Amino acid sequence: AQSVSQHNHHVILSEAASLELGCNYSYGGTVNLFWYVQYPGQHLQLLLKYFSGDPLVKGIKGFEAEFIKSKFSFNLRKPSVQWSDTAEYFCAVLGGSYIPTFGRGTSLIVHP
Amino acid sequence: KAGVTQTPRYLIKTRGQQVTLSCSPISGHRSVSWYQQTPGQGLQFLFEYFSETQRNKGNFPGRFSGRQFSNSRSEMNVSTLELGDSALYLCASSSFQGTQETQYFGPGTRLLVL
Chain A
1 AQSVSQHNHH
11 VILSEAASLE
21 LGCNYSYGGT
31 VNLFWYVQYP
41 GQHLQLLLKY
51 FSGDPLVKGI
61 KGFEAEFIKS
71 KFSFNLRKPS
81 VQWSDTAEYF
91 CAVLGGSYIP
101 TFGRGTSLIV
111 HP
Chain B
1001 KAGVTQTPRY
1011 LIKTRGQQVT
1021 LSCSPISGHR
1031 SVSWYQQTPG
1041 QGLQFLFEYF
1051 SETQRNKGNF
1061 PGRFSGRQFS
1071 NSRSEMNVST
1081 LELGDSALYL
1091 CASSSFQGTQ
1101 ETQYFGPGTR
1111 LLVL
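Same order as they appear, the protein sequences are chains A and B.
Residue 101 in our numbering is what sits at position 101 of the first sequence, and the numbering runs on without skipping anything.
Every number in our numbering is 1000 more than the matching position in the second sequence, counting from 1.
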């Protein structure tokens, strides 16, 4: 069975700091990987996704994620965070069962 | 273009009752997925419908069911409600162009079971 682990449950940063949120999955086959974001009071939305090809995926709002197959990781990065990036971030994996599995989420707070 | 709409937004039921939640996808989107979000279990996939057919189903008991209509609107039903069914139920609609998928979520229906 596939699983997803997000190691950082809570992250607090100051504006302009760099961000990296960890995501590791367990599944031996081909995977599709996703990052979702839920801003306070807003709908969940897809931030970026990896299906195939270039392992470095760029998403909305300056976010990117790198798929490292050997490490079963899909970490989310942003070089310089803003106060508006305060949100809950979820990593998800879609394996052979075509049933997405989500991580427990990382709460990011960015201080102005 | 109108977003994904879910009705009702809030619902209070008692144990043993049943509930039906509705989701209207973005116009032109033929795929609708349902998710349950709780503090204890996080986000969990319930099922996905495409062109009125259930394509995938998550690991939920048979009390959870759904359907999709010809206009792509979808409903999910939970029978014999339990306290643990209290959750935010999210619906998402998707469209596919080749390998490119766009997915949009609705605001959710918050269900409280007493």
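Ideal Cβ placement from N, Cα and C applies to all residues, glycine included.
Computed from a predicted structure; not experimentally measured.
- For B/Glu1052, same chain residues with a beta-carbon under 8 Å away, outside a window of 5 residues either side, are Arg1067, Gln1068, Phe1069 and Ser1070 in chain order.
- Uninterrupted beta strand (DSSP E) stretches at least 3 residues long and entirely within the segment 27 to 105 of chain A occur at 32 to 38, 44 to 50, 56 to 58, 64 to 68, 73 to 78 and 87 to 94, given in chain order.
- The count of Cβ pairs closer than 8 Å, one atom from the segment 4 to 22 of chain A and one from the segment 72 to 89 of chain A, reaches three, so the stretches are in contact.
- Taking 7 Å as the cut-off, the Cβ atoms of A/Phe67 and A/Tyr39 do not count as close.
- Here the C-alpha atom of A/Ala65 lies approximately 23 Å from the C-alpha atom of A/His111.
- Residues of chain B with a Cβ closer than 7 Å to the Cβ of A/Ile99 are, in chain order, Phe1045, Asn1056 and Gly1058.
- Just so you know, the alpha carbons of B/Gln1054 and B/Ser1031 end up roughly 10 Å apart.
- Between the segment 1005 to 1020 of chain B and the segment 1074 to 1084 of chain B, the count of Cβ pairs shorter than 8 Å is three or higher; the stretches touch.
- In this structure, DSSP gives A/Gly22 a state outside helix and strand, which the three-state scheme calls coil.
- With respect to chain B, the C-beta atom of A/Phe72 has no partner C-beta closer than 7 Å.
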